[in-house]
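Accompanying notes for the structure given below.
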Amino acid sequence: MAKKAVFGIAKREEQAIKIADDLRAAGFSENDISVLFPDKKGSKDFAHEHHTKAPEGAATGAGTGAVLGGALGWMVGIGSLAIPGLGAFIAAGPIMAALAGAAGGAAAGGLTGALIGMGIPEYEAKRYEGKMKDGNILLSVHTEDSKHRDRAKKIFKDDGAVDISSTGEASVPREERPHAH
275 MAKKAVFGIA KREEQAIKIA DDLRAAGFSE NDISVLFPDK KGSKDFAHEH HTKAPEGAAT
335 GAGTGAVLGG ALGWMVGIGS LAIPGLGAFI AAGPIMAALA GAAGGAAAGG LTGALIGMGI
395 PEYEAKRYEG KMKDGNILLS VHTEDSKHRD RAKKIFKDDG AVDISSTGEA SVPREERPHA
455 H
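Using the working numbering, you'd call the opening residue of the sequence shown number 275 and step up by one each time.
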């Protein structure tokens, strides 16, 4: 049986760390958990810039990306890469291999093409790319077991992720779906 993936968007680094840690604590393998986030400061320190008007944001912004990169250091294949049309990102897990392949070869597809290649419907892939442009963090977990996918969706939901979906789900708009007779 082929592995399917559950995807979700985290709006903050602390949230992304909690989701990834909760997935690992629930028994998902670090080989099956992916994360992708914008690399705003350069991969040497995994820093991630916060765009906020709050004064405390300026003080903590430089260090939090290092926390995210450090907190996710247990993940497989963490590294930086450039995505055509989007810029520099930090990626880890199966998504890293998909993006590295897209960046090395058919770069025209960029992030959307890589996500479609991972089984996400084009509409969802484009929506995720838009969220990534806004500085959000994409997480996914791959599993063969539908019960595990349900558990992953619950973790994403409980931890406040948005735009939760999974590969193999019908994401075709209702008006375009075939009617049952």
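Note that beta-carbon positions come from the ideal geometry of N, C-alpha and C, so glycine has one too.
Contact check for MET392 against PRO312 fails: the beta carbons are separated by 8 angstroms or more. When the beta-carbon positions are compared, GLY367 and VAL436 stay at least 8 angstroms from each other. When GLU418, ALA399, GLY361 are compared, the shortest CA-CA separation from LYS314 is found for GLY361.
A residue is called buried once 16 or more other Cβ atoms fall within 10 Å of its Cβ, and SER420, having fewer, is exposed. With fewer than 16 other Cβ atoms inside 10 Å of its own Cβ, GLY359 counts as exposed.
Annotation for MET370: GLY351 place their beta carbon closer than 6 angstroms to its own, counting only its chain and skipping 5 residues before and after. Assignment of SER303 by DSSP, reduced to helix, strand and coil, places it in the coil class. By the Cβ neighbour-count rule, ALA290 is buried, with 16 or more other Cβ atoms within 10 Å of its own. Residue range 278-284 is occupied by the beta strand (DSSP E) that includes ALA279.
Distance check between LYS400 and each of ALA345, LEU389, ASP408 places LEU389 closest, using alpha-carbon atoms only.
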